[in-house]
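Have a look at the structure below, then the notes.
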Amino acid sequence: MKAACLALSGLLSLATATGAASDEATLRLGHAIFTGAIDLIPESRRDTLPARQLSRFACANCHGRDGSGGTEGEAPPIYWSALTTPTPLRGGYDDATFHNAVTSGHTSDGRTLSRLMPRYPLDPSATAALAAYLVALPQRDRRGVTPNALDFCVLTASGAETRARAYAAILAKALLDLAGEGGLYGRYPNVITLEGTPEQMRASAEAQCLAVVGLPAVDNLPLKALTDRGVPVLFPLAHLSGREDHSITRSLRPTRRDVLAALVRDLGAQSPPSIHLLGDEESKSDLERMLRLDPATTDIQVTDGSDGPPPPNTALVALGPVPADMLAIESSGQQFWFLSQDFGMQDIPDGVATTVMIEAPGLVSFALGADLGPQEAHAKLAAEVLTAALKVAGRDVGRAGLLRALDMAALGHLGLDYETVPLSGTRDVLPLRLGPAN
Amino acid sequence: MRNLCTPILLILMLGTPSLAETTGSFVQERITLPRMDLIDHHAQRRDLTGDLTEGAIIVINFNYTLCNSICPMGNDVMAQVDDMIEHVGDRPVKLLSITIDPTNDTPLLLNEAAQTFDASEKWNWLTGDPHDIASLLQAVDADEVNIELHDPIFLVGDAERGVFYRSLALPTADQIVSRINAFGS
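Protein chains in written order, with the numbering used here: chain A, 763 to 1200; chain B, 286 to 470.
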């Protein structure tokens, strides 16, 4: 039976890994297995693949999204030409021995692999799809990189075409200015504005963009739909949640989780007798859980309006726009806490003690110092960070290498350090006190 | 790249045979856990040499939540052990996952990680003062670089007696449970 499986594996693999170009469905299955993007696995294959194991222990987690290997666990390179080349530790793999390594943990010459290499119960057609993907991986990772250009993309939210084009124009000019006359290792940054349906834009981005930059904050352009397909999303306009994978996305501002954590720390330092949460149910639930999981706030009483109006001297914490009637209660000693993006929309009465949580004050200084509007500041900062990373990445840049280069780029002058804070480069949130009590 | 684990283990095995006896994939050692308070994934203060370990057979591993490569492998083994065994005789089994990155790993992040691995109440995810964590790593001969770059470290033992078994490579859950059961025989 085992011999029959191996033979079948070999036949299937010959049609893919070592044969002519594989079809897109096969490559997409291989990509899903390699990256753990289980949502991309076709319905018909879901029952035949170990989705939980693939999601938790994706090949890319240890071997890198470009298959170039990783330091943790000394994971070797596994793009196909690396696997087929003999090393001092093993012979070259072929389709059958690759299937054997993935499923039972034995090298091409029979040595048992470390248990750090999971054994995946994949059928031969699945390992063939994975092998086909590893053949195509070096080329796919260099999408958006041409002999003369580095193509970045800006996606357009419906009804906001002018805004997207303006952002793209600022980004393009800033990138070219920073690249200088010689470009970056002979290539010049180029910004493409993508328009159309979300699916059309996703397909275009997957095919031709080194990365999407400044993704608009709209529901029908979810970040995950791009990153699942292997498209890096750099510096989206919305917060990252804090749970994303930093090998495929990065932000210029603290994550939502970091902003709320800073809010919790500030409340803990102020130690009000009680905290009243205002906002949507999901945000209130998130913050209440965080208050419970911080030793400084775990014992403070938290209310959310379901048990009557807030008592006197309560900290009123706004997690979104606040109804006008809630703003007229300064006489009972309450203080307000706002997140910076909500504060500008509120009409705070004079005399109300207020704290505004200012995200990434270093980035705010960058914008104010150069007298830039928010969109212009974001695009110019994105260009500075991208250019620094591209210089570190070198001439052989690809999608994964660009993301890795961010960890090594010197961005301290911009208040960013992706080696320490991989997802967002900064956790800085400054509580700014306003009003009579301060 | 530093690889200090193997020389340390060899010195322990050769230099102090009465204390370091190899048993399958583990080496026996004497370890005295230092007295310190840690914070668990429910933000509760816990006593390392008190309520976390008293009367129990314990399994310790080290991890950090930013680690997305080899740490999850170790955590997955812990999750299997969590499902496989509750007691040895009349002694409870407790699992301790201790972060090596206490500056970043808050109870909130540990709580999310615990949920990811469906941790039961006997599996404590712990952080603490960075100096305390450094002292603990030193006390158990756990090198931070090794934890990041090489096989996850597992310690199975009886903290009150100071008897532990240290894994030589990533163990299976069955191997850990077998070590745990040896304390009941």
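Just so it is clear, CB atoms sit at the ideal spot from N, CA and C, and this is done for glycine as well.
What does DSSP give as the partner residue(s) for residue i in the beta ladder?
| i | result |
| --- | --- |
| Y450 of chain B | B:Q313, B:V441 |
| V1154 of chain A | In the DSSP output, where bridge partners are listed per residue, V1154 of chain A has none listed. |
| Q1063 of chain A | A:S1036 |
| D332 of chain B | B:D322 |
| H868 of chain A | A:T874 |
| W410 of chain B | B:S382 |
| F914 of chain A | A:V953, A:A973 |
| W1235 of chain A | Nothing in the structure corresponds to residue 1235 of chain A, since chain A is present only between 763 and 1200. |
| M1119 of chain A | A:L1101, A:P1193 |
| F347 of chain B | B:I383 |
| T849 of chain A | A:R852 |
| R1012 of chain A | A:L996 |
Contact criterion: CB-CB distance below 8 Å. Does residue i meet it with respect to chain B?
| i | result |
| --- | --- |
| G1187 of chain A | no |
| P1184 of chain A | yes |
| G835 of chain A | yes |
| M963 of chain A | no |
| D1056 of chain A | yes |
| G832 of chain A | yes |
| T1060 of chain A | yes |
| M1052 of chain A | yes |
| A769 of chain A | Caution applies to A769 of chain A, whose pLDDT of 41 falls short of 50 and renders its modelled position unreliable; the model cannot decide the point. |
If I'm right that residue i touches residue j with Cβ under 8 Å, what's the distance once you round it to whole angstroms?
| i | j | result |
| --- | --- | --- |
| F347 of chain B | A427 of chain B | 6 Å |
| A1129 of chain A | A1139 of chain A | 4 Å |
| F1207 of chain A | L972 of chain A | It is not possible to answer for residue 1207 of chain A, since the shown part of chain A is limited to 763 through 1200. |
| V1064 of chain A | L1040 of chain A | In fact, because the Cβ distance is near 12 Å, the residues do not count as touching under 8 Å. |
| L816 of chain A | G798 of chain A | 5 Å |
| I385 of chain B | E429 of chain B | 5 Å |
| K1142 of chain A | I932 of chain A | 7 Å |
| A404 of chain B | R376 of chain B | Between R376 of chain B and A404 of chain B the Cβ distance is about 20 Å, and since that is not below 8 Å, they are no contact. |
| D436 of chain B | L878 of chain A | 6 Å |
| G1124 of chain A | G1177 of chain A | 3 Å |
For residue i, which of the options has the nearest alpha-carbon?
| i | options | result |
| --- | --- | --- |
| D325 of chain B | B:L318, B:D336, B:R315 | B:D336 |
| A922 of chain A | A:H1008, A:T955, A:N910 | A:T955 |
| R1012 of chain A | A:L1025, A:V1021, A:P998 | A:P998 |
| T810 of chain A | A:V864, A:A820, A:A787, A:S887 | A:S887 |
| G835 of chain A | A:G854, A:S876, A:S843 | A:S876 |
| F439 of chain B | B:Y450, B:E445, B:E429, B:R446 | B:Y450 |
| I418 of chain B | B:I383, B:C356, B:R464, B:D403 | B:I383 |
| S1033 of chain A | A:L884, A:G906, A:T1076 | A:T1076 |
| M1119 of chain A | A:V1147, A:D1190, A:Q962 | A:D1190 |
| A970 of chain A | A:G976, A:G872, A:P978, A:V993 | In the sequence under discussion, the amino acid at residue 970 of chain A is Gln, which differs from the Ala named in the question. Measuring from the Cα of Q970 of chain A, the nearest candidate turns out to be A:V993. |
| E314 of chain B | B:V462, B:D459, B:V425 | B:V425 |
| L851 of chain A | A:H868, A:N910, A:D1087, A:A858 | A:H868 |
| T391 of chain B | A:M1052, A:L802, A:E1044, A:L988 | A:M1052 |
| Q329 of chain B | B:P456, B:S463, B:A467, B:E406 | B:E406 |
| D1056 of chain A | A:L1081, A:D1028, A:P1072, A:E1044 | A:D1028 |
| A893 of chain A | A:D857, A:L940, A:L1125, A:E1050 | A:D857 |
| T367 of chain B | B:C356, B:T388, B:N466, B:V344 | Reading off the sequence, residue 367 of chain B comes out as Asp, not Thr. Checking every option, the nearest Cα to that of D367 of chain B belongs to B:V344. |
| Q962 of chain A | A:G792, A:F1105, A:P951, A:A987 | A:A987 |
| L1185 of chain A | A:A934, A:S1009, A:L1025, A:Y950 | A:S1009 |
| R814 of chain A | B:P456, B:T401, B:P387 | B:T401 |
| P880 of chain A | A:T865, A:N982, A:H1175 | A:T865 |
| R808 of chain A | A:L789, A:A967, A:L884 | A:L884 |
| V975 of chain A | A:R1019, A:V1154, A:G854, A:L1164 | A:L1164 |
| R902 of chain A | A:R1161, A:P848, A:M1170, A:T1117 | A:R1161 |
| F796 of chain A | A:D871, A:Y895, A:Y855 | A:Y895 |
| V1079 of chain A | A:G1070, A:T924, A:E1050 | A:E1050 |
Any C-beta of chain A sitting closer than 8 Å to the C-beta of residue i?
| i | result |
| --- | --- |
| N396 of chain B | yes |
| M358 of chain B | yes |
| I438 of chain B | no |
| L422 of chain B | no |
| N409 of chain B | no |
| I268 of chain B | Residue 268 of chain B lies beyond the residue range present for chain B, which begins at 286 and ends at 470; the question has no answer from this structure. |
| L333 of chain B | no |
| A467 of chain B | no |
| A454 of chain B | yes |
| A328 of chain B | yes |
| L294 of chain B | Interpretation of L294 of chain B is limited by its pLDDT of 34, a score under 50 that renders its predicted location unreliable; the figure taken from the coordinates is listed afterwards. No, its Cβ sits nowhere closer than 8 Å to a Cβ of chain A. |
Problem - Contact list for the segment 1011-1039 of chain A against chain B, Cβ threshold 8 Å - result: R1019, A1023
Handout entry: Residues within the segment 807-830 of chain A neighbouring chain B, beta-carbon criterion of under 7 Å
Key = R818, F819, N823, C824
Problem - Interface residues of the segment 874-900 of chain A facing chain B [CB-CB below 8 Å] - result: S876, R877, L878, P880
Practice task
Identify each residue in the segment 359-392 of chain B for which the Cβ-Cβ distance to at least one residue of chain C is less than 8 Å, and report them in chain order.
Solution key: The structure shown has no chain C; the protein chains it does contain are A and B.
Problem - Interface residues of the segment 314-326 of chain B facing chain A [CB-CB below 9 Å] - result: I324, H326
Problem - Members of the segment 339-355 of chain B near chain A, C-beta cut-off 8 Å - result: L351, C352, N353, S354, I355
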